[in-house]
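*Asks:* Numbering (the working numbering), first residue to last: 97 to 415.
First the structure, which I've put down as structure tokens, then a few questions once you've had a look.
Below, the structure is given as structure tokens:
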């Protein structure tokens, strides 16, 4: 066994903030499993908008230049290589999925807290499982835990065809809600197949003109013009954003609606296991837009930044 087999690995890394061109495939030291950690041989890593937002420097308050060089990637699916001290729930050879606590998933190996892993859903591939953790748990947390979604409520999912959005459509429908999806008209058949009761094509119809009585809005798009969504809520309704958007407090007060702060979502074994059970029972499915090999991370980031993704983008690291 040569030196690389023991001590190094391939990883995507960048040494400065910038566009997708800063991403490099490099030989880097292989991590080890510390106390409470599991070393995962990565089969696939899911891409989230936060990955390119951090890379571009938009999140410097939380991710300053002092952290560079940086290996991106949070969502992971793979096989346990080894476990650190104090870990009892996993052993070498287990197929697992989950989310790192400090990025690093765009690599051949990553050390992940055992508390942020669960057995991979048995009915899907590593590529599919890698698309789930952050997006599925975010949708679960917002709809079920924060909003306390009840049967019969009218839920509007803004960005319904995206990573969080297409999973939120399904979870809302499972809870018995009336689901309104906002997306391009080209996604109409896709969203109908996921259970959406109504599609608003934002390219032809302003959301706030089509809907005025939503109980809840999950906004996965945000942006400078997000304020207009408040007019789609009925008095007493609530908007929960998962990305930055401008929502005027005065507008919200006048409309008699509430806007929550962007929620913190804790990915853990319990909620990952619940998601896996929904996948394996056929009640939830993950849509994968495009799969890129690890070395083509730049192309994956370029596609993600286009904001024209249906479901998730995944980097395949191993077969």
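We treat Cβ as the ideally placed atom computed from N, Cα and C, and that holds for glycine.
So the candidates are 135, 190, 287; which of them puts its Cα closest to the Cα of residue 269?
*Replies:* In the chain shown, residue 269 corresponds to position 173, counting from 1. Closest option to residue 269, Cα to Cα, is 287.
*Asks:* Using the three-state DSSP reduction, which class does residue 276 fall into: helix, strand or coil?
*Replies:* Your numbering for residue 276 matches position 180 in the chain shown. It is a strand residue.
*Asks:* Check whether the Cβ atoms of residue 312 and residue 351 sit closer than 8 Å, and answer yes or no.
*Replies:* Stepping through the chain shown from its first residue, residue 312 is reached at position 216. Stepping through the chain shown from its first residue, residue 351 is reached at position 255. With contacts defined as CB atoms closer than 8 Å, residue 312 and residue 351 fail to qualify as a contacting pair.
*Asks:* Where do the ends of the alpha helix (DSSP H) carrying residue 307 lie?
*Replies:* As a first step, residue 307 is located in the chain shown; it is residue number 211 there, counting from the start. DSSP places residue 307 in no alpha helix (DSSP H); its state is neither H nor E.
*Asks:* Using CA atoms only, rank isn't needed, just tell me which of 170, 374, 341, 143 is closest to residue 254.
*Replies:* The residue you call residue 254 lines up with position 158 of the chain shown. Answer by Cα proximity: 341.
*Asks:* What is the rounded straight-line gap between the Cα of residue 99 and the Cα of residue 334?
*Replies:* For the purposes of this step, residue 99 is taken as residue 3 along the chain shown, with counting starting at 1. For the purposes of this step, residue 334 is taken as residue 238 along the chain shown, with counting starting at 1. Low confidence applies here, because residue 99 scores a pLDDT of 45, under 50, leaving its location unreliable; read the following figure in that light. About 56 Å.
*Asks:* Would you call residue 309 buried or exposed, if buried means 16 or more other Cβ atoms sit within 10 Å of its Cβ?
*Replies:* For this step, residue 309 is matched to residue 213 along the chain shown. Residue burial annotation: residue 309 is exposed, with fewer than 16 other C-beta atoms found within 10 angstroms of its C-beta.
*Asks:* Residue range of the alpha helix (DSSP H) that residue 369 falls in?
*Replies:* Translated into the one-based positions of the chain shown, residue 369 becomes position 273. For residue 369, the enclosing alpha helix (DSSP H) stretches over residues 365-376.
*Asks:* Could you tell me the distance, in whole angstroms, from the CA atom of residue 414 to the CA atom of residue 133?
*Replies:* Numbered from 1 along the chain shown, position 318 holds the residue referred to as residue 414. Numbered from 1 along the chain shown, position 37 holds the residue referred to as residue 133. About 21 Å.
*Asks:* Pull up the DSSP beta-bridge partners for residue 412, would you.
*Replies:* The residue labelled residue 412 in the question sits at position 316 within the chain shown. Residue 412 is bridged by DSSP to 140, 389.
*Asks:* Whose CA, out of 162, 136, 113, 128, lies closest to the CA of residue 147?
*Replies:* As a first step, residue 147 is located in the chain shown; it is residue number 51 there, counting from the start. Ranked by how close their Cα comes to the Cα of residue 147, the residues 162, 136, 113, 128 have 113 in first place.
*Asks:* Starting from residue 402, trace the alpha helix (DSSP H) both ways and give me its first and last residue.
*Replies:* Position 306 of the chain shown, counted from the start, is the residue given in the question as residue 402. Residue 402 -> no alpha helix (DSSP H), and no H or E assigned at all.
*Asks:* Among 125, 280, 156, which has the Cα closest to the Cα of residue 205?
*Replies:* As a position in the chain shown, residue 205 is number 109, starting the count at 1. Comparing Cα positions, the closest option is 125.
*Asks:* Which residue wins for smallest C-alpha separation from residue 381, given the options 387, 373, 248?
*Replies:* Your numbering for residue 381 matches position 285 in the chain shown. Of the listed residues, the one whose Cα sits closest to residue 381 is 373.
*Asks:* If you drop the 5 nearest sequence neighbours on each side, which residues of the same chain put their C-beta closer than 6 Å to that of residue 354?
*Replies:* Locating residue 354 in the chain shown gives position 258, where the first residue counts as 1. Hits under 6 Å: 334.
*Asks:* Alpha carbon to alpha carbon, how far is residue 364 from residue 214? Give it in angstroms, no decimals.
*Replies:* On the chain shown, residue 214 is found 118 positions in, with the first residue counted as 1. On the chain shown, residue 364 is found 268 positions in, with the first residue counted as 1. Rounded to whole angstroms, residue 214 to residue 364 spans 8 Å at the Cα level.
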